[in-house]
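Working notes for the structure below.
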Amino acid sequence: IVACALEYPSVASAYCFKDVPVSQQKLLTYNGQSYPVRIGTGSWSSPGPLAELFRIVMTEELGLQVELYKASSSTNLLKEVMGCTDSRGELWNFSESPEKSLCLEPKDFQDPPVNVWV
Numbered sequence: 006i007v008a009c010a011l012e013y014p015s016v017a018s019a020y021c022f023k024d025v026p027v028s029q030q031k032l033l034t035y036n037g038q039s040y041p042v043r044i045g046t047g048s049w050s051s052p053g054p055l056a057e058l059f060r061i062v063m064t065e066e067l068g069l070q071v072e073l074y075k076a077s078s079s080t081n082l083l084k085e086v087m088g089c090t091d092s093r094g095e096l097w098n099f100s101e102s103p104e105k106s107l108c109l110e111p112k113d114f115q116d117p118p119v120n121v122w123v
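Residue numbers (the working numbering): 6 to 123.
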C-alpha cells in the first residue's frame, strides 16, 4: 500500500486492493444530500502520502467516492475541516469580518464543511 501511495512506477498503474469503478463508488448522505468524501492535504510534500493512503483505503476497500483537496497551509486546512468558511468555501476574511474569522459562533460554520471533511 505504501508503494501505491508513493506512486512507484511498477505499481502506479495497478490497484492496491481492488478496482471499484466510479459508477459503483458510494457517496455519503448527510441531511438528504450526497457527497464524495473530501480528504484534505497540504500543498507541501509531507501530508501527500498519508492522504493518498486514506484515498486508497476509502476507495478500494470501502468503495467510497473520494476527492483530494489541497490547502495552502495547516491553519487553513484545519479551519476548512471545521467548516469555518462562508457558503462558497472561502475562508472568512479577517479584515472584513474579524469576529467571523475566529469562528466563535455556530452560525460561522458550514455543516457539512464545504471544501474538506477529513
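The C-beta atom is built at its ideal place from N, Cα and C for all residues, glycine as well.
Asked, Found
"Buried or exposed by the 16-neighbour rule on C-beta atoms within 10 Å, applied to Gln-70", "buried"
"Where Thr-34 falls, given that 16 or more other Cβ within 10 Å makes a residue buried", "exposed"
"Alpha-carbon to alpha-carbon, Leu-67 and Ser-28", "14 angstroms"
"Per-residue burial, Lys-112 [other beta carbons within 10 Å of its own, 16 or more giving buried]", "exposed"
"Cβ-based burial, Asn-120 [other Cβ within 10 Å; buried from 16]", "buried"
"Reduced DSSP secondary structure (H/G/I, E/B, other) of Glu-72", "strand"
"C-alpha distance - Leu-109 paired with Pro-54, whole-angstrom precision", "33 angstroms"
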